[in-house]
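**Q**
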Amino acid sequence: MSETDLVRLVEDDPALRLAQVQGLRLRGFEVEAFEAAQPALAGLGPEWPGVVLSDVRMPGMDGLDFAQAVRAMDPDLPVILLTGHGDVEMAVQALKGGAYDFLTKPVAGDLLEATLRRALATRRLVLENRALRSARPEEDDGLPGQSPAMVRLREAAVRVAEACLDTLVIGASGAGKERLARYLHHLSPRRARPFVHVNCAAIAPERFDAEMLGLAPARGARSIGRFERAHRGMLFLDEIDALPIDLQARLLNVIEKREIWPVEAEAARPVDLWVVASTRADLPALVAEGRFRADLRYRLGGVVLQMPALKDRREDVALLFRRMVIEAANRIGRPVPPLTPALKAHLESHDWPGNLRELEQFAERHVLELSPESAAQGGDRPLGELVADYEAALIRDALRQARGNATAAMERLKLPRKTFYDKLARHGIQPKDFR
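The number in my numbering is simply the position in the sequence shown, starting from 1, with 1020 added.
1. Go to Ser1298, then tell me how far its beta strand (DSSP E) extends in each direction, as first and last residue.
2. What's the call for Ala1151, buried or exposed, on a 16-neighbour Cβ count within 10 Å?
3. Can you tell me which of Ala1056, Arg1091, Pro1079, Glu1055 puts its alpha carbon nearest to the alpha carbon of Val1491?
4. Output the distance between the C-alpha atoms of Ala1221 and Pro1290, rounded to the nearest integer angstrom.
5. With a 10 Å radius around its C-beta and 16 neighbouring C-beta atoms as the bar for buried, classify Leu1102 as buried or exposed.
6. If distances are taken between C-alpha atoms only, which option among Phe1228, Ala1177, His1386 comes closest to Gln1268?
7. If you reduce the DSSP assignment to three classes, tell me which class Ser1243 lands in.
8. Suppose you measure from the CA of Gly1117 to the CA of Ile1100; what does that come to, to the nearest Å?
9. Please identify the residue among Gln1040, Thr1427, Ala1418, Gly1083 whose C-alpha is closest to the C-alpha of Gln1058.
10. In angstroms, rounded to a whole number, what distance separates the CA positions of Lys1452 and Gly1424?
11. At what residue ranges does the stretch 1108 to 1159 contain a whole run of the alpha helix (DSSP H), taking only runs of 4 or more?
12. Just tell me which of Val1296, Arg1202, Asp1258 has its CA closest to the CA of Pro1275.
13. What does a CB cutoff of less than 8 Å around Gly1194 pick up in its chain, not counting 5 residues either side in sequence?
14. In chain order, what are the residue ranges of uninterrupted beta strand (DSSP E) at least 3 long that sit wholly in the stretch 1163 to 1243?
15. Can you tell me where the beta strand (DSSP E) with Met1016 in it begins and where it stops?
16. Mind checking which residues open and close the beta strand (DSSP E) that includes Ile1100?
17. Helix, strand or coil for Gln1450? Go by DSSP, reduced to three states.
18. Can you give me the C-alpha to C-alpha distance between Ala1114 and Ala1362, rounded to a whole angstrom?
19. For Arg1156, which residues of its own chain have a beta-carbon under 8 Å away from its beta-carbon, when the five flanking residues on both sides are left out?
20. Please classify Leu1061: does DSSP put it in a helix, a strand, or coil?
21. If you draw a straight line from the C-alpha of Leu1303 to the C-alpha of Ala1349, how long is it?
22. On a Cα-Cα basis, can you pick out the residue from Lys1197, Asp1186, Ala1192 that is closest to Ser1208?
23. Between the Cα of Glu1055 and the Cα atoms of Trp1068, Gly1048, Leu1073, which residue gives the shortest distance?
24. On a CA-only basis, which of Met1110, Leu1233, Ala1383 is nearest Ala1288? Give me that one, please.
25. Give the DSSP-derived three-state secondary structure of Val1041 in the structure shown.
26. For Asp1400, which of helix, strand or coil comes out of DSSP?
27. What residue range does the alpha helix (DSSP H) around Asp1266 cover?
28. Who are the Cβ neighbours of Phe1440 in its own chain at under 6 Å, not counting the five residues just before and after it?
29. Would you kindly work out how many angstroms separate the C-alpha atoms of Ala1128 and Gln1042, rounded to a whole number?
30. Measure the CB-CB distance between Leu1255 and Phe1247 and report whether it falls below 8 Å.
31. In the DSSP output, what is Gln1326 paired with across the bridge?
32. Let's test the definition: count the other Cβ atoms within 10 Å of the Cβ of Val1283 and tell me whether it reaches 16, buried, or not, exposed.
33. Do you know offhand how far Ser1298's Cα is from Ala1230's?
34. Beta carbon of Val1171, beta carbon of Leu1204: below 8 Å?
35. Looking at Arg1028: is its Cβ nearer than 8 Å to the Cβ of Ala1062?
36. How far does the beta strand (DSSP E) with Phe1054 in it extend, from its first residue to its last?
In structure tokens form, the structure reads like this:
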């Protein structure tokens, strides 16, 4: 789908057609001009990204029949009709039949531009919603995102996974540390072996031996601990900083020796472990406070991967939201709801302090249609705040498409230089963040 402001113009009068083409191009539109309606139907359809502007009175197929033919190809493709004064009643009937709008000749340039841009915004939203409904989550990357931080993280993950190096994953709550660990496991030669997730905050000290080391009595049933279950696979120690200091010593012993002594066992058992641990805490600070062992920190921290927070990769939010909406809709058994301009503005402007977890919950509320507009707008917020959020989202989108080139972005937005930079300062937007 193209982001070009594409207009297909149908006008049988050569002089008027030339004048309209020149006027539209001066206002930044890309124009495809046709002298008759029938040939203008070629190439239109559900994937065509533009809008149609057509005269009504033309020889052969007139504008009304043309609009009906376009509607049969795609009922959501906007057709704007240009009418003479005597054709207004006929144009109103065309609106009832599905035409997007009509304008009376001669039409002022500003009015024509505003109508076309409104129709193009509608068309982009339709195509985006269709893509959202048709996308398949399983086709998404296991660690999705096109921000520079995520591209670098995936590149590093490939190298770590190939070597199965013990790794410390650092990130804020809800940022996706477990997802990164599972991604490493999926990429590694050990992908066919178990991924064993241990929530260190949930381990009761009195149950550590039974849960982690297992039970091997001379008689009776043998119980396999989590260390052994992770043999030749991955052991993911989530929230490693929550493990009591005495258990940290026992964990370090297993990691270094690569062997375990199950309860009541007569001999040690070797284990082939690949250990990945996660933390949201400042481990050096915990070490200084005596709450985390320095030797365990150094043992786990030979390789460190940083999982960025959503506020540090805003350009990934919409992609992640689409994926989560599709997954939630499939799970709940509801249709995929459309995106609205207010919702898009919220996705762009919100800082997402709860990271992926918060975004996932928001996607579920959107699918359940639990007041999606009020949820997206943060309740009964003043109109000025909503307009500011939407303006900031449009500026970020223009900068993203221009890859941080401020001149190209201000040209796209058709803003004077001073106005553009005033708005950047007002919204706290830095063009360098989009390069």
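Think of the CB as a built atom: it goes at the ideal place given N, C-alpha and C, for glycine as much as any other residue. Since the model is a prediction, treat every value here as computed from it, not as a measurement.
**A** According to the structure shown:
1. Run containing Ser1298: 1295 to 1299, per the beta strand (DSSP E) assignment.
2. That one is exposed.
3. No statement about residue 1491 is possible, as the shown extent of the chain runs from 1021 to 1455 and does not include it.
4. Answer to the nearest angstrom: the Cα atoms are 26 Å apart.
5. Buried: at least 16 other Cβ atoms inside 10 Å.
6. With distances taken between CA atoms, Gln1268 lies nearest to Phe1228 out of Phe1228, Ala1177, His1386.
7. Look at Ser1243 here: in three-state DSSP terms it is strand.
8. Near 12 Å, if we compare the C-alpha coordinates of Ile1100 and Gly1117.
9. For the residues Gln1040, Thr1427, Ala1418, Gly1083, the minimum Cα distance to Gln1058 belongs to Gly1083.
10. Those two C-alpha atoms are separated by around 6 Å.
11. Those alpha helix (DSSP H) runs which fall completely within the stretch 1108 to 1159 and span 4+ residues are 1108 to 1116, 1129 to 1154.
12. It is Ile, not Pro, that sits at residue 1275 in the sequence shown. Comparing Cα-Cα distances from Ile1275 to each of Val1296, Arg1202, Asp1258, the minimum goes to Val1296.
13. Take Gly1194, set aside five residues on each side of it, and the residues of its chain with a beta-carbon closer than 8 Å to its own are Gly1374, Asn1375, Leu1376, Arg1377, Glu1378, in chain order.
14. Listed in chain order, they are 1187 to 1191, 1215 to 1219.
15. Residue 1016 lies beyond the residue range present for the chain, which begins at 1021 and ends at 1455; the question has no answer from this structure.
16. It spans 1099 to 1103 - the beta strand (DSSP E) in which Ile1100 sits, taken as one unbroken run.
17. Of the three classes helix, strand and coil, the one that applies to Gln1450 here is coil, per DSSP.
18. Near 30 Å, if we compare the C-alpha coordinates of Ala1362 and Ala1114.
19. The pLDDT assigned to Arg1156 is 48, lower than 50, so where the model puts this residue is not dependable, and the model offers no usable value.
20. In the structure shown, Leu1061 sits in coil (DSSP, three-state: anything other than H, G, I, E or B).
21. When rounded, the distance between both Cα atoms is 39 Å.
22. In terms of CA proximity to Ser1208, Asp1186 leads the group Lys1197, Asp1186, Ala1192.
23. Ranking the options by Cα distance to Glu1055, first place goes to Leu1073.
24. It is Leu1233 whose Cα lies nearest to the Cα of Ala1288.
25. Annotated three-state conformation of Val1041 is helix, per DSSP.
26. Residue placement at Asp1400 is poorly supported in this model, since its pLDDT is 48, which falls under 50; the coordinates still yield a value, given next. In this structure, Asp1400 counts as coil in the three-state DSSP scheme.
27. That run of the alpha helix (DSSP H) goes 1265 to 1277.
28. Cβ within range, chain order: Met1430.
29. Taking the straight line joining both Cα atoms gives about 14 Å.
30. Yes, they are a contact pair.
31. Bridge partners of Gln1326: Ile1190.
32. By the C-beta density criterion, Val1283 is exposed, having fewer than 16 other C-beta atoms within 10 angstroms.
33. Distance between the alpha carbons of Ser1298 and Ala1230: 23 Å.
34. Result no, Cβ atoms of Val1171 and Leu1204 do not sit closer than 8 Å.
35. With contacts defined by Cβ atoms closer than 8 Å, Arg1028 and Ala1062 do not form a contacting pair.
36. Unbroken beta strand (DSSP E) run through Phe1054: 1050 to 1054.
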